[in-house]
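Chains as they are written, first to last, in this note's numbering: chain V, -13 to 445; chain U, -13 to 445; chain Z, 66 to 168; chain C, 66 to 168. Where a beta carbon is used, it is the ideal one built from N, C-alpha and C, also for glycine. Below is one structure, written out as structure tokens, with a few remarks after it.
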Ligand SMILES: NC(=O)c1ccc[n+]([C@@H]2O[C@H](COP(=O)([O-])OP(=O)(O)OC[C@H]3O[C@@H](n4cnc5c(N)ncnc54)[C@H](OP(=O)(O)O)[C@@H]3O)[C@@H](O)[C@H]2O)c1
Ligand SMILES: NC(=O)c1ccc[n+]([C@@H]2O[C@H](COP(=O)([O-])OP(=O)(O)OC[C@H]3O[C@@H](n4cnc5c(N)ncnc54)[C@H](OP(=O)(O)O)[C@@H]3O)[C@@H](O)[C@H]2O)c1
């Protein structure tokens, strides 16, 4: 009877996780999706605690307590701008749980595990350990504790493939039951090293793709645990995470106009280093003073704000809202044009602007607003570069050629807020800045916006 | 080892069925979907034949042989126009197989079946038997062997609900292991009667929805078999059929602008009987001779053909192609406007026109062509009525009000081919026919088209 | 609830979700071919029929099983042929081969 | 291949299909919340950790299990809170409440 209840709780939890993912894939139901997942998790936990094998609740209570105390601030305090590294860190925790359980399982039952279970445990610790290390490195790169540029050396791919080959051999030995605990710990250790070594050569900006992929590995590690200890809810949610993470990382690289293998093995992001900058060296961009820009904005009736990575760096979203409200108070209309890969993670701009309380029906997708940009009196580009680079349309030799962009160059006038003439993520110059209708307002985006606000108020 | 192979074949077959359905849900991959399903079926059959429990192949060979001999002509000979009844008949066969297997299972193992298996077998024969009878009646109605109008009497819903209640009681008894074979046969018989009694009151035109729903029941019967005899491929494909059939029947009723319960219990389709006809009785529709219509078509440069149920009745699709080719040879452009529920089953017009070798890129969905109909020189309406009835847009009291229609009334001129002034499926008059720009070419659609072709050739 | 029944329940529920998700966005054009194809797939009850017909358990079982095999085979063979035929008819014009598929 | 492993294979494959089908059409706007949510869900490894920590099998198992419970709980608690917070930020303006959701 008790066992039946446990199993029923697991089935229910599995269904709730599925419904949760389904809700999460649509904007209007996404919030409900989280509630469903929370319910599923709670049910699965209660179901597990009812199991007959659990005889001692003290350590469990300790773990749950400490975890909750640490988890709450990680959930409530971390600013939205730190989301990518926040997810990567969380992944480290989740994957280390799977790895530790795998080690405990192998330690206790090494002698009695069936072949299938050995396979499962071996995969569990391999994927888990790789994910722990990989996502830790990813977090470091995203937080810029580690250098976010790709760390490469000659023969790197050869070394990595060699490492993977050795791991597979050891995996085989563990599955065959050879080598005992030392062999097993060797697997854990080498997978850990592989995690570091595979992620280091990938540039910081590609980390979201990597994190999604590692999430998929961590899901597969859970599924392997499910196989090993015959637990269906682990199996189901592990498989869900495994495929959805994989698909998500592919969708992400597609949205960035990049191939998936290129992201993972392409000495990738190193183009940031190599691409030439000086293309427009004899051209001069026209600066503008904050005072003049303020006048232009104050009297515009149709303003389109184009946020980019620079706005995120400057944390300028609140000043953006302040400026927009001033313009609106004076009778102008302000809309926001959101490029799908503006910033450094998908939905980056949406999250930031939402944090500043900008209603999401003022945010327009690229496809929705592109036809309308020619009617804008002022396009205010705040720290965006690649996503407004007309070379994507016009220059077949450009590395971003073919990527859909926001056609800001069609607006009646353009004001660009950035610190200098540096390139963006793709490492290429942008002819938009040299266009007769474009004016550059140099300086940190936040500082410039503060100046604009002050000036408009003074008008 | 052999058992492992059997099980592997089942897993592979299940995956192939899923991939098949996925392919079948997109036009460009649908044909490949059938191949995948065939492969899955073949693998499942071979896997089953390898099972150790099968000791005598003679009867199996007989059944497979006879089935193939009968099945091939049913697949190759039946004309496309008879698709709905063809599907209904096939369903009868499939469901009777499930029912017979259930009876055999219960007959042989009655004493030893576990509770769960009794539940499964009881559901299997109940759903199977209901489907056999229901789809047989549906086929009869579609073929018009049985009267296709709803057969209703007072208190019908009460009788049907009573019948279902009795069935549930007997189902309970069988599950409880009470009553032996007689009780079991009682369940089969009553479910059979329920199948007849539930489908008779539904109008012929709603049969596609009913057939899809019965398909879902038959899938659930297979899934129940899978539970009873612990066979995973039955379980998976049964569940696939069960949910997809159910969803499909809901999508269909939605496409017909009808609620699902209304289809099943609404004394449904009886509105065909009751709705008034004479609304436009003092209006006169203007006839046209085949000769004049031919001239008009011959010199039109932009013709839109709107096929409807009448074209299917008259089997006129080949003549439509002939006429279109003549017009094209003379320099005119011919497109086809396809309403999602023209005819009597979804995709009816597509199938017929495809059969006449009309390339499917000349077929335009309602949404694609509606904005363009005002540019048409001639809209040639062939046996369509409800799907071009402007009352759906203009008359809130009309039973079809709110259904999206083809805006044929906006064309520069309209020629309607039908036999007289009879109403269509919805049983209501159509103001389109009395519009000044509309001409009626009375007569059977095929005969009229033959005349038009002859006249144009003679020009 | 024994373990096998439990696992069967998972398989059933998950396969149901798959069916639902796959069909959720199919266009009306494909409703009829899809109905025809799922119908043919429901001939998978053939698998159960083969066991009943060939296991030599009892005369009743063999007879019913053989009839069931016949019926299910008709469904499978006829169903796949006609679905294939129907879909084979959806072809594009030769004149504009580069166009995206319409309807 | 024993029966349980077999059924587990079915469950795994089917759940994988479900994951694939559900995510296939998610818009870029939701990529980050979705990543965050699946991440929190992957904290389900908590279920395995609870058994390791509470079954009293060995000191190693209890210690590793307790650490695992802690780590997984951090993941679950923090992950759900932050996902909820992020999605809570996607709100519409009060001025045009009847508009369809944009972006
Ligand atoms: N969204 C994603 O998922 C994702 C993930 C990975 C990669 N990417 C890539 O990232 C790029 C995104 O394009 P983007 O236009 O948003 O950004 P971008 O092309 O990377 O350009 C950002 C610009 O912001 C300026 N900037 C930096 N800090 C600033 C500050 N404090 N104040 C003002 N300006 C500042 C920089 O110029 P200065 O230094 O001169 O100020 C830089 O040119 C695309 O190439 C995309 O493919 C996107
Ligand atoms: N597609 C589906 O899935 C489906 C399923 C069930 C119901 N329905 C319903 O069926 C209707 C379909 O609309 P529809 O416009 O295609 O057809 P309709 O409204 O039913 O009209 C068909 C017309 O064709 C004429 N006709 C019949 N035989 C003919 C012949 N041999 N030659 C020439 N004309 C002939 C009839 O008029 P005469 O007798 O005067 O010739 C009739 O008015 C809709 O109401 C729809 O909701 C559709």
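Within 10 angstroms of its Cβ, does residue 140 of chain C collect 16 or more other Cβ (buried), or is it exposed?
buried
Measure how close the beta-carbons of residue 314 of chain U and residue 288 of chain U come, nearest whole angstrom, since I'm counting them as under 8 angstroms.
In fact, because the Cβ distance is near 12 angstroms, the residues do not count as touching under 8 angstroms.
DSSP three-state assignment for residue 426 of chain U, whether helix, strand or coil:
strand
List the DSSP bridge partners of residue 322 of chain U.
U:291 and U:349
Quick one, what's near ligand 2 if you take every residue whose CB is closer than 5 angstroms to any heavy atom, in chain order?
U:191, U:242, U:294, U:295, U:296, U:299, U:300, U:327, U:328, U:329, U:330, U:331, U:332, U:369, U:370, U:371, U:372, U:373, U:404, U:405, U:406, U:408, U:410, U:411, U:412, U:430 and U:431
Mind listing which residues of the region -11 to 7 of chain U have their C-beta closer than 8 angstroms to chain C's C-betas, in chain order?
-11, -10, -7, -6, -3, 0, 1 and 4
Determine the extent of the alpha helix (DSSP H) in which residue 32 of chain V is found, giving its start and end residues.
16 to 35
Sequence ranges, beta strand (DSSP E) only - wholly within the region 332 to 401 of chain U, length at least 3
349 to 351 and 364 to 368
For residue 265 of chain V, I'd like the list of residues in its chain whose CB is within less than 7 angstroms of its CB, leaving aside the five on either flank, ordered along the chain.
Unreliable placement is indicated for residue 265 of chain V, whose pLDDT of 47 sits below 50; no coordinate value is reported for it.
Near ligand 1: residue 238 of chain V beta-carbon under 7 angstroms from a heavy atom:
yes
Just checking: is the beta-carbon of residue 79 of chain Z within a distance shorter than 8 angstroms of some beta-carbon in chain C?
yes
C-beta neighbour in chain Z for residue 112 of chain C, strict 8 angstroms
no
Of the residues U:239, U:386 and U:440, the one placed nearest residue 305 of chain U, counting alpha carbons only
U:440
Segment limits, alpha helix (DSSP H) that includes residue 148 of chain U
142 to 161
For residue 425 of chain V and residue 273 of chain V, I'd like the C-alpha separation in whole angstroms.
5 angstroms
Does the beta-carbon of residue 110 of chain U have 16 or more other beta-carbons within 10 angstroms, so that it is buried, or is it exposed?
buried
Check each residue of the region 208 to 221 of chain V: if its Cβ is closer than 9 angstroms to any Cβ of chain Z, include it; give the result in chain order.
216, 218 and 221
Could you spell out where the alpha helix (DSSP H) holding residue 170 of chain V opens and where it closes?
166 to 185
Decide if the region 187 to 199 of chain V is in contact with the region 130 to 139 of chain V; the criterion is three or more beta carbon pairs, one per stretch, under 8 angstroms apart.
yes
Figure out for me which residue from U:7, U:220, U:435 and U:331 has the closest Cα to the Cα of residue 312 of chain U.
U:435
One question on the structure: do residue 22 of chain U and residue 9 of chain U come within less than 8 angstroms of each other, judged by their Cβ atoms?
yes
Could you name the residues of the region 118 to 132 of chain Z whose beta carbon sits closer than 7 angstroms to any beta carbon of chain U, in the order they occur along the chain?
118, 119, 120, 121, 122, 123, 125, 126, 127, 129, 130, 131 and 132
Quick one: grab the DSSP three-state call for residue 79 of chain C.
helix
When we look at the beta-carbon of residue 55 of chain U and count the other beta-carbons within 10 Å, is it buried (16 or more) or exposed?
exposed
What is the C-beta distance between residue 143 of chain C and residue 61 of chain V, in whole angstroms, given that I count them as a contact (C-beta under 8 angstroms)?
4 angstroms
Contiguous alpha helix (DSSP H) assignments of at least 4 residues, all confined to the region 98 to 130 of chain U
101 to 128
Give me the residue from U:132, U:203, U:215 and U:199 with the minimum Cα distance to residue 102 of chain U.
U:215
Give me, in chain order, the residues of the same chain whose beta-carbon lies closer than 8 angstroms to that of residue 43 of chain U; leave out the 5 immediate sequence neighbours on both sides.
35
Using a Cβ-Cβ cut-off of 8 angstroms, state whether residue 75 of chain C counts as contacting chain V.
no
If you measure from the beta carbon of residue 69 of chain V to each beta carbon in chain C, is any gap under 8 angstroms?
yes
Under a three-way DSSP split, which group does residue 264 of chain V fall into?
With a pLDDT of 47 at residue 264 of chain V, under the threshold of 50, the modelled position of this residue cannot be trusted; read the value that follows with caution. Residue state, collapsed to three classes: helix.
With a threshold of 16 other CB atoms inside 10 Å of the CB of residue 330 of chain V, please say whether the residue is buried or exposed.
buried
Count the CB pairs spanning the region 289 to 298 of chain U and the region 332 to 340 of chain U that are closer than 8 angstroms, and state whether there are at least three.
yes
Would you mind telling me which residues of chain C sit closer than 7 angstroms to residue 86 of chain Z, beta carbon to beta carbon, in chain order?
83, 86 and 87
Can you tell me which of V:351, V:382 and V:302 puts its alpha carbon nearest to the alpha carbon of residue 343 of chain V?
V:302
Could you work out which residues of chain U lie near residue 71 of chain C, taking near to mean beta carbons separated by less than 7 angstroms?
-7
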